[in-house]
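Working notes, beginning with the structure itself.
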Amino acid sequence: MAVERAGDRRLMAEAPFRWPVVLRNDALVLRPYVRADEAAYNEIRTHNQAWLKPWDATTPPEAGRFWYTFADMVRNQQNLAKEGRALPWTLTWDEGWPSRPSLRTRPIGQVGVNGITWGSSRSATIGYWIDQRWAGRGLVTLGVAMAADFCFGQLRLHRLEIDILPENGPSHAVVAKLGFKPDGIRRSMLHINGTWRDHDAFVMTADEAPASLVVELKRRGKFPSSGGVAAEPTG
69 MAVERAGDRR
79 LMAEAPFRWP
89 VVLRNDALVL
99 RPYVRADEAA
109 YNEIRTHNQA
119 WLKPWDATTP
129 PEAGRFWYTF
139 ADMVRNQQNL
149 AKEGRALPWT
159 LTWDEGWPSR
169 PSLRTRPIGQ
179 VGVNGITWGS
189 SRSATIGYWI
199 DQRWAGRGLV
209 TLGVAMAADF
219 CFGQLRLHRL
229 EIDILPENGP
239 SHAVVAKLGF
249 KPDGIRRSML
259 HINGTWRDHD
269 AFVMTADEAP
279 ASLVVELKRR
289 GKFPSSGGVA
299 AEPTG
């Protein structure tokens, strides 16, 4: 017998989206992970172990040890998204674009909207990473812009926050290009690479955001892309 919590019903009723949601800007696609992505995900994480280790969240000793499979991750993400608590996208590339666009796109990283809070707050945080082989092309910046446009334009969220380790220069470049403003330090915020770390916080509110971050990036020539972001039907 399934048990439904009253809080979940309220979240699901208030969340103005129905998961899954897929966003596309030309060949760059934000879509949910599926079980078939496991081999590609494992290959990316293995290849990028040294690249991502300084920034990866880790489990503190007091949390105990547990096994978390790819299937567990997908299942947990789907549940959070269906409850209106998160938008857990994998950042992907459509190798068939433009002649043969497809939803079976290649994972190259991740852009996630987490901790969505409705009611009086209407806020969320955004996190991201990318395969080193695809870094330096402006794709993370575009992916975060796509996610932010959806959050501000479709979900009517008021506040988005991105938290970054002080020494993570590439991530600081992303928020600078997008126009997120410094908002102080989040002390001992996350357990990263084996220790509790402070993060620099950057914030954008709906009042400060342009009509479209994607269009604004294109106008300022910050990435080699064209076209707007569209939500695709997923059946």
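Quick note on this note's numbering: the sequence shown kicks off at 69 and runs consecutively.
Beta carbons: idealized from backbone N, C-alpha and C, even for Gly.
**Request:** Pick out whichever of D162, L207 and A244 has its Cα sitting closest to the Cα of I232.
**Result:** Along the sequence shown, one-based indexing puts residue 232 at 164. Looking at the Cα atoms, A244 is the closest of the given residues.
**Request:** Have a look at R103, A274 and L207 and flag the residue whose alpha-carbon is nearest the alpha-carbon of N93.
**Result:** For the purposes of this step, residue 93 is taken as residue 25 along the sequence shown, with counting starting at 1. Checked all of R103, A274 and L207; the closest Cα to N93 is L207.
**Request:** Quick one: using the 10 Å Cβ neighbour count with 16 as the cut-off for buried, is T263 buried or exposed?
**Result:** To locate residue 263, count along the sequence shown from 1; it is residue 195. When all chains shown are included, T263 counts as exposed.
**Asked** When DSSP labels each residue in this structure, what does S188 get in the three-state scheme?
**Response** As a position in the sequence shown, residue 188 is number 120, starting the count at 1. DSSP places S188 in coil when its eight states are reduced to three.
**Request:** Within the same chain, show all residues whose beta-carbon is closer than 7 Å to that of S239, passing over the 5 residues directly before and after it, in chain order.
**Result:** Counting from one through the sequence shown, the residue named residue 239 turns up at place 171. Cβ within range, chain order: I232.
**Request:** Name the residue from G237, A215 and R205 whose alpha carbon lies nearest to the alpha carbon of A305.
**Result:** There is no way to answer for residue 305, as the model of the chain reaches only from 69 to 303.
**Prompt:** What do you get for Y136, buried or exposed, if any count of 16 or more other CB atoms within 10 angstroms of its CB means buried?
**Reply:** Position 68 of the sequence shown, counted from the first residue, corresponds to residue 136. So Y136 ends up on the exposed side.
**Request:** Return the first residue and the last residue of the beta strand (DSSP E) that P156 is part of.
**Result:** Here residue 156 refers to the residue found at position 88 of the sequence shown. Here the beta strand (DSSP E) through P156 covers L155 to W161.
**Message:** According to DSSP, is A70 part of a helix, a strand, or is it coil?
**Reply:** Locating residue 70 in the sequence shown gives position 2, where the first residue counts as 1. Its pLDDT being 29, under 50, A70 is placed unreliably by the model, and the measurement read from it follows with that caveat. If DSSP states are grouped into helix, strand and coil, A70 belongs with coil.
**CA-to-CA distance, R255 to P100, given in whole angstroms** = Position 32 of the sequence shown, counting from 1, holds the residue named residue 100. Position 187 of the sequence shown, counting from 1, holds the residue named residue 255. Spanning the two alpha carbons is a distance of roughly 31 Å.
**Message:** If I measure Cβ to Cβ from N110 and keep anything under 8 Å in the same chain, skipping five residues before and after, which residues do I get?
**Reply:** Counting from one through the sequence shown, the residue named residue 110 turns up at place 42. If we look at N110 and ignore the five residues flanking it on each side, its Cβ neighbours are F138.
**Item:** Own chain residues within Cβ distance below 7 Å of R77, not counting five before or after
**Value:** As a working mapping, residue 77 is identified with position 9 in the sequence shown. For R77, the pLDDT reaches just 47, beneath the cut-off of 50, and the residue's location in the model is therefore unreliable, although a value from the coordinates is still provided. If we look at R77 and ignore the five residues flanking it on each side, it has no Cβ neighbours.
**Request:** Could you give the DSSP three-state label for L228: helix, strand or coil?
**Result:** Along the sequence shown, one-based indexing puts residue 228 at 160. Three-state DSSP puts L228 in a strand.
**Asked** Taking the beta strand (DSSP E) that P100 falls in, what are its first and last residues?
**Response** As a first step, residue 100 must be located in the sequence shown, where it is residue number 32. Per DSSP, P100 belongs to the beta strand (DSSP E) from L96 to P100.
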